[in-house]
């Protein structure tokens, strides 16, 4: 048999899944939707769907992200393609995205019941989706160490305390304030805006912005 | 429409491709095979084939690697899944592997004409395979900077000169001998074996081995 043998039509169901992360109330969270049909009816699952004809994987992932959150201009990247999430051997191309919770507008459709769940307190997920989430969390934590991806979880301007909260939520541990600030400044990925946060019982804090609001590896 | 709508059977052709790298005669090379049928008859392409029923992606990639090189206990990792390599929108899950040229045994079948090509001097490739190769070369170069993947391109024991040749071939540039040795020793991923290379016109050189012959990130 040659590599291009085409003796029979062998096709597979191909789905696109999106692990959509946010950080809210000090927790790393993902968006889950409730399945309305079997299999796994009433179980929670990652947003996704079958790849439609003429769709590329990236188009399908972008559209799913927009349907669920209303945004597209955020960090979105292919994660991994799985072939072992169900018994049928469906192909599931997983993507992951990072969304500022203040920008995400969850759709107001009761049928899906979209909801943010803390990754350290997930319900039982359909179709081994838990494996996908675990893989995505690992990728996010790794990528935080060598890139500016946190930009996509924050507003255009933020205080260093807000930035530290995002890092702590992702890594699941508290960090020393002085060391965090020294480290993050040395990376040269953020810059002071010259403006200050006005609200709150604390004294005004310098506002910072990411130098680039697109993925940069350092 | 709900995410689990299953109104019609929408399936796609799924292929698995493998970018198999080696370093030989100072060059980074990949294995190409010659297509024996249309489309792209007589063009060179990456080894691969359709995903068979009941196969997982990893199984298909491992089998393809074994068919082409005779080895399986080498570095093999998923690279990226493409949906834009042909007009039909086929899904191509690409893997990449690193093989010591002294271990690889290319199959003796004229039909496929498997052959190592230097990545800086590739022929025209079928199906936008060039995009896959470019992506794989970038991943390999990045991964060299933060992991021990070079282990999979070398024999169990090697001299520091041989190791440097592998790094230079991958990165496509020559490196200062003293700096290279200082850097590679500081990474703590190799160790002296106590044995020395016997052959050649040079004086015997210390032989080294990777501490781990499996992927380790540092």
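Residue numbers (the working numbering), protein chains in the order written: chain A, 1 to 218; chain B, 1001 to 1218.
Just so you know, even glycine gets a beta-carbon here, dropped at the ideal spot from N, CA and C.
Under 7 Å, Cβ to Cβ, is there at least one residue of chain A near residue i?
i              : result
residue 1220/B : Past the boundaries of the shown model lies residue 1220/B; chain B is included only from 1001 to 1218, so the question cannot be answered.
Interface residues of chain B around residue i at Cβ under 9 Å?
i             : result
residue 14/A  : 1010, 1011, 1012, 1014, 1083 and 1091
residue 78/A  : 1080 and 1081
residue 106/A : Within chain B, no residue comes near residue 106/A; the closest Cβ sits about 14 Å away, beyond 9 Å.
residue 144/A : What residue 144/A touches in chain B: nothing, since even the nearest Cβ is about 14 Å away.
residue 128/A : Result: empty, since nearest Cβ-Cβ is about 13 Å, beyond 9 Å.
With a Cβ-Cβ cutoff of 7 Å, do residue i and residue j count as a contact?
i              : j              : result
residue 1043/B : residue 1050/B : no
residue 127/A  : residue 98/A   : no
residue 47/A   : residue 18/A   : yes
residue 1187/B : residue 1166/B : no
residue 11/A   : residue 1011/B : yes
residue 136/A  : residue 96/A   : yes
residue 1169/B : residue 1028/B : yes
residue 16/A   : residue 1091/B : no
residue 1104/B : residue 1069/B : yes
residue 67/A   : residue 147/A  : no
residue 1204/B : residue 1196/B : yes
residue 81/A   : residue 1138/B : no
residue 160/A  : residue 181/A  : yes
residue 1021/B : residue 1030/B : yes
residue 1129/B : residue 1045/B : yes
residue 1208/B : residue 1190/B : yes
Exposed or buried, which one is residue i when buried takes at least 16 other CB atoms within 10 Å?
i              : result
residue 1156/B : exposed
residue 83/A   : buried
residue 94/A   : buried
residue 988/B  : No information on residue 988/B is available, as it lies outside the stretch 1001 to 1218 that chain B covers here.
residue 206/A  : exposed
residue 1057/B : buried
residue 72/A   : exposed
residue 1087/B : exposed
residue 1143/B : buried
residue 193/A  : exposed
residue 114/A  : buried
residue 38/A   : exposed
residue 232/A  : This structure cannot speak to residue 232/A, because chain A is shown only from 1 to 218.
residue 1100/B : buried
residue 1121/B : exposed
residue 1055/B : buried
So with CB distances below 8 Å, who are the chain A contacts of residue i?
i              : result
residue 1056/B : 83, 84 and 89
residue 1122/B : By Cβ distance, chain A contributes nothing, its closest Cβ being about 18 Å from residue 1122/B, past 8 Å.
residue 1207/B : By Cβ distance, chain A contributes nothing, its closest Cβ being about 33 Å from residue 1207/B, past 8 Å.
Starting from residue i, follow the beta strand (DSSP E) in both directions and report where the run begins and ends.
i              : result
residue 28/A   : 27 to 34
residue 65/A   : No beta strand (DSSP E) holds residue 65/A; the alpha helix (DSSP H) holding it covers 57 to 69.
residue 1187/B : Here residue 1187/B belongs to no beta strand (DSSP E); instead the alpha helix (DSSP H) covers 1177 to 1187.
residue 16/A   : 11 to 24
residue 1168/B : Unbroken run through residue 1168/B is the alpha helix (DSSP H), 1160 to 1171; no beta strand (DSSP E).
residue 1191/B : 1190 to 1196
residue 1046/B : No beta strand (DSSP E) contains residue 1046/B, which DSSP labels as neither H nor E.
residue 126/A  : No beta strand (DSSP E) contains residue 126/A, which DSSP labels as neither H nor E.
residue 78/A   : 75 to 82
residue 117/A  : 115 to 118
residue 1207/B : 1206 to 1210
residue 1097/B : 1091 to 1098
For residue i, return the contacting residues in chain A, with the cut-off set at a CB-CB distance below 7 Å.
i              : result
residue 1187/B : In chain order: nothing, as chain A lies at least about 16 Å away.
residue 1028/B : Going along chain A, no residue has its Cβ under 7 Å from residue 1028/B, so there is no contact; the nearest lies around 22 Å.
Between which two residues does the alpha helix (DSSP H) containing residue i stretch?
i             : result
residue 141/A : 129 to 146
What residues from chain A crowd round residue i, counting only those whose CB sits closer than 9 Å?
i              : result
residue 1171/B : Under the 9 Å cutoff, chain A gives no residues; its nearest Cβ is about 17 Å from residue 1171/B.
residue 1140/B : Chain A residues near residue 1140/B: none, gap ~15 Å exceeds 9 Å.
residue 1154/B : In chain order: nothing, as chain A lies at least about 26 Å away.
Can you pull the chain B residues whose beta carbon is under 7 Å from the beta carbon of residue i, in chain order?
i             : result
residue 32/A  : Near residue 32/A there are no residues of chain B at all, since even the closest Cβ is about 11 Å away, more than 7 Å.
residue 125/A : Within chain B, no residue comes near residue 125/A; the closest Cβ sits about 14 Å away, beyond 7 Å.
residue 65/A  : Result: empty, since nearest Cβ-Cβ is about 13 Å, beyond 7 Å.
residue 98/A  : By Cβ distance, chain B contributes nothing, its closest Cβ being about 19 Å from residue 98/A, past 7 Å.
Note down, in chain order, every chain B residue with its Cβ under 8 Å from the Cβ of residue i.
i             : result
residue 160/A : Chain B residues near residue 160/A: none, gap ~27 Å exceeds 8 Å.
residue 163/A : Within chain B, no residue comes near residue 163/A; the closest Cβ sits about 24 Å away, beyond 8 Å.
Between residue i and the ligand ATP, is the CB less than 6 Å from at least one heavy atom?
i             : result
residue 122/A : Judged by which ligands are present, the structure shown has none, so any question about the ligand ATP falls away.
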